[in-house]
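In my numbering, the protein residues as written are 1 to 621.
We treat Cβ as the ideally placed atom computed from N, Cα and C, and that holds for glycine.
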């Protein structure tokens, strides 16, 4: 008989494999621990993070706590208090339910847990390292539970090396914290990173919680949405169209107090904003959906951020209609008459009155042929002209010009110093007569003749390449020139965005920006690069933050590169811009003085050449 080749894996190995699905990065640990704290009916939750969670992720709550048996059992695989049987999966009212989270976390980190129930005098203190129980003892503890996860992936070096930079990882931690905090406004949350308190969110309503997270300026951007049907109850807020951004980041769906991602429902929102947004802009929305638990399936994705609805089409229609109704109800959507003036509306007092015919008054004594006589001291035009005729008769008009010829002769006798022009910087005649070397086609391409044929340049991509190399040199090699603003500009951002701007503050200063003050929800700028106008400051910074999010840079050079690309993209001349001949020539000359003139910063061609042979083939074919 052949030896069996299938064997059961040891528990610690099985836990490490499961950790690959449950724990992808420190943010995954934050999500699981925060959701456990919410399920424990805590009213105050504190999150402490060091080095973006690589060194420490600690969650402290004042929830129910656990007894001695539960404290040890919670680290076993598939051990959970959330469900009892398979049918419970279709009627979930809690967050975590698989029973793998704590076992997986304990397999790849040093975990220290302190827990105590309210009715107990003593609590339990447990230390587990790599699925091995190191210590378990009773201790004097406050009510609730504290989980401290240290040295994540200490026994899997490859996974630890796979983690991104601290900035990127902390951004993910912030995202998870915000999602849980927004879903439960009645719970107070605190976030501390590397010893500094970033968030201290008191218990409040939904609107106040959103404002506390994303800054005070958010309040004026919100439009309430409410709708109640048998299928779904919708509440929450959408952003006004004028505050829409190109980057996604403030789009939140919550189904039964659980954050989800749904491209299908997002399309319903975009459909409701049809005709109100600029191309490429994304509106903000914070929508809370309540549906019967048996009509959704949560267990379809490992991260549990995607949900399967029973009747998606109806939800789509209801959501689209609710958002569109709110935009119209609060006069966010434009009325049909765009130039309507409220002052021209008929007052209510006049709506029942009859119209009156205007009266006509006729002066019977008026004679158009009678000479008008001056009356008293009135100075009419007729009186003035009549007196002028009496004083100056037509016969002596030449007396007005007596001595005029003599004066003109005296003037002509004077001599003025003659300033002879010795030279000119430009030969105007030569410039006028020289043939035009470049032509602009459809305000998009510049055509120039060369010895071998013809050159077609994409003006927008070419300008991007010129600006990119200029900014990159300014940021990396030398400090760029900065122009001081007469009045400093204060721009509002969310706490997360302020944190990102602060991390690249040095690079921005090298580029020519000068900062005056940083707060939790705003930044004050007192100086900008010479090539940037004041009106484009907020657009540049928003585009930059969006590009950083998309590129996810890990090295300092990447930050430089992304910044230069973002500046070049925002400030470059766009398709449809008319250029004079001189501007066309300057663009062509600047392009071919670049190090890489043929490729734009995004890797696309800046120009194409048509040889004489290729042009001849077009006519000979």
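Query raised in the report: Ordered along the chain, which non-local residues of its own chain (more than five positions away) have a Cβ less than 7 angstroms from that of residue 520?
Result: 495, 498
Query raised in the report: Considering only C-alpha positions, which residue in the set 526, 319, 570, 527 is nearest to residue 545?
Result: Of 526, 319, 570, 527, the residue nearest in Cα terms is 570.
Requested in this report: Could you check how far apart the C-beta atoms of residue 472 and residue 564 are, in whole angstroms? I think they sit under 8 angstroms.
Outcome: 4 angstroms
**Report entry** Counterpart residues of residue 148 in DSSP-defined beta bridges
**Finding:** 58, 112
Query raised in the report: Would residue 288 pass as a contact of residue 239 if the rule is Cβ separation under 8 angstroms?
Result: no
**Report entry** Candidates 174, 7, 453, 24: closest to residue 625 by CA position
**Finding:** Lying before the first or after the last residue shown, residue 625 is absent from the chain, which here runs from 1 to 621.
**Report entry** Cβ separation of residue 623 and residue 42, assumed to be a contact under 8 angstroms, to the nearest whole Å
**Finding:** The chain is shown from 1 up to 621; residue 623 falls before or after that span and cannot be answered.
Query - Length of the line joining the Cα atoms of residue 222 and residue 592 - result: 49 angstroms
Requested in this report: Following the continuous beta strand (DSSP E) through residue 451, name the residue where it begins and the one where it ends.
Outcome: Neither: residue 451 is in no beta strand (DSSP E) and is coded neither H nor E.
Query - Cβ-based neighbour list, residue 130, same chain, cut-off 6 angstroms, excluding 5 preceding and 5 following - result: 155
Report task. Indicate the three-state DSSP secondary structure (helix, strand or coil) for residue 132 in the structure shown. Result -> strand
Query raised in the report: How about the region 603 to 616 and the region 570 to 581: do they share at least three Cβ pairs that are nearer than 8 angstroms?
Result: The region 603 to 616 vs the region 570 to 581: no contact.
Requested in this report: Report the three-state DSSP secondary structure of residue 366 (helix, strand or coil).
Outcome: coil
Query raised in the report: If you compare alpha carbons, which of 530, 447, 490, 295 is closest to residue 217?
Result: 490
Query - Exposed unless 16 or more other CB atoms sit within 10 angstroms - verdict on residue 329 - result: exposed
Query raised in the report: From 590, 103, 192, pick the residue whose C-alpha is nearest to that of residue 112; which is it?
Result: Looking at the Cα atoms, 103 is the closest of the given residues.
**Report entry** For residue 597 and residue 604, the rounded distance between their alpha carbons
**Finding:** Taking the straight line joining both Cα atoms gives about 11 angstroms.
Query - Cβ-Cβ separation, residue 516 to residue 526 (assumed contact under 8 angstroms), whole Å - result: 4 angstroms
Query raised in the report: The alpha helix (DSSP H) with residue 264 in it runs from where to where?
Result: Run containing residue 264: 263 to 272, per the alpha helix (DSSP H) assignment.
Query raised in the report: Name the DSSP bridge partner or partners of residue 618?
Result: Answer is none; residue 618 lacks a bridge partner.
Query raised in the report: Would residue 181 be called buried (16 or more neighbouring beta carbons within 10 Å of its own) or exposed?
Result: buried
**Report entry** Beta-carbon proximity of residue 244 to residue 282, cut-off 8 angstroms
**Finding:** yes
Query raised in the report: Since residue 226 contacts residue 235 with CB under 8 angstroms, what's their CB separation in whole angstroms?
Result: 5 angstroms
Query raised in the report: With contact counted as at least three CB pairs below 8 angstroms, one residue from each stretch, are the region 31 to 42 and the region 51 to 70 in contact?
Result: In short, these stretches touch, since the Cβ pair count reaches three.
Query raised in the report: When you compare only the Cα positions, how much space is there between residue 639 and residue 151?
Result: An answer regarding residue 639 cannot be provided, because it is not within the stretch 1 to 621 covered by the chain.
Query raised in the report: Is residue 77 helix, strand or coil when you go by DSSP?
Result: coil
Requested in this report: Return the Cβ separation of residue 522 and residue 492 in integer angstroms, given the expectation that the two are a contact with Cβ distance under 8 angstroms.
Outcome: Their Cβ separation, rounded to whole angstroms, is 5 angstroms, which keeps residue 522 and residue 492 in contact under 8 angstroms.
Query - Span separating the alpha-carbon of residue 542 from that of residue 266 - result: Put simply, the backbone Cα of residue 542 is about 21 angstroms away from that of residue 266.
Query raised in the report: If you draw a straight line from the C-alpha of residue 197 to the C-alpha of residue 50, how long is it?
Result: 12 angstroms
Query raised in the report: Roughly how many angstroms separate the alpha carbons of residue 276 and residue 322, rounded to a whole number?
Result: Going by the C-alpha atoms only, they are around 16 angstroms apart.
Requested in this report: Please classify residue 459: is it buried, with 16 or more other beta-carbons within 10 angstroms of its beta-carbon, or exposed?
Outcome: buried
**Report entry** Under the three-state DSSP convention, the category residue 53 falls into
**Finding:** Assignment of residue 53 by DSSP, reduced to helix, strand and coil, places it in the helix class.
Query raised in the report: Between residue 68 and the rest of its own chain, which residues show a CB-CB distance below 6 angstroms, the 5 nearest in sequence each way excluded?
Result: 124
Query - Limits of the alpha helix (DSSP H) - the one that residue 652 falls within - result: Look at the range of the chain in this structure, 1 to 621, and you will see that residue 652 is not part of it.
Query raised in the report: If residue 452 sits next to residue 606, beta carbons under 8 angstroms apart, how far is it from one beta carbon to the other, in whole angstroms?
Result: At roughly 18 angstroms, the Cβ-Cβ gap does not stay under 8 angstroms, so residue 452 and residue 606 are not in contact.
Query raised in the report: Between residue 118 and the rest of its own chain, which residues show a CB-CB distance below 8 angstroms, the 5 nearest in sequence each way excluded?
Result: Correct list, in chain order: 64, 65, 143.
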